[in-house]
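Everything below concerns the one structure shown next.
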């Protein structure tokens, strides 16, 4: 249940198309679906503006499939993150209308073209090809949440001229998600070039002293660019979620 569906339900009651008791029954099913192993939140879109999303790691394949089926049965789109190929195969068998993005590790069951509700463009900027899985997750989630997305890849500080060549695209964005591993310098550079919010995403890419993304995380947290804020290591989903909320303001 989201706000548009609730408005439609209320309008149908007012028009006499459905009885008040029928509408109450629909609302009674709204908060969550109890599957035993999971309580699937079908109220989140109404309450928080964005729907329930399934995080695949740590769940058994059959649990992921059952959760996805429960969301679909309630008329909701299904978005699952960090979906590996074997899990994707099971989801596509159970829900053959879905699509799988291998780069982003996203499973989606919903409109092929999600209506754009964001006010501007979310730019997803990545430092290198090794950062692509996290950048693709951020871009894919942002698109499924109703944003126009500009994906700018492989513009890390080792060749900063590549970033400067994309200056017009950076400045045209309303909010930017900047993904980088190694020392994590890219968000600070981008932050110094634009007057928009920059959401920095450290990745676990790098040699030993990068400590699986901790070096990039600490570098981003101590950025001298005041418009930079930071999410957790490899958290492209979280960055896209916050970017979506900013882009709707």
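Residue numbers (our numbering): 31 to 279. Glycine included, C-beta positions come from ideal geometry on N, C-alpha and C. All of these numbers come straight from a predicted model, not from anything done at the bench.
Across the set 245, 174, 82, the C-alpha of 174 shows the shortest separation from the C-alpha of residue 131.
In the structure shown, the three-state DSSP call for residue 175 is coil. Distance from the CA atom of residue 179 to the CA atom of residue 152, rounded to whole angstroms, is 5 angstroms. DSSP places residue 267 inside the alpha helix (DSSP H), whose first and last residues are 266–278. Rounded to whole angstroms, residue 92 and residue 258 show a C-alpha spacing of 40 angstroms. In the structure shown, residue 123 adopts helical secondary structure according to DSSP, grouped into three states. A buried status is given to residue 271, since no fewer than 16 other beta-carbon atoms sit within 10 Å of its beta-carbon. With 16 or more other Cβ atoms from the protein chains shown falling within 10 Å of its own Cβ, residue 209 counts as buried.
A contact is defined here as three or more CB-CB pairs under 8 angstroms, and the region 222–232 meets this definition with respect to the region 242–260.
Between residue 246 and residue 214, the C-beta gap is smaller than 7 angstroms, which places the two residues in contact. Per DSSP, residue 198 is not a residue of any beta strand (DSSP E); the alpha helix (DSSP H) it occupies stretches across 197–202. Contact check for residue 167 against residue 119 fails: the beta carbons are separated by 7 angstroms or more.
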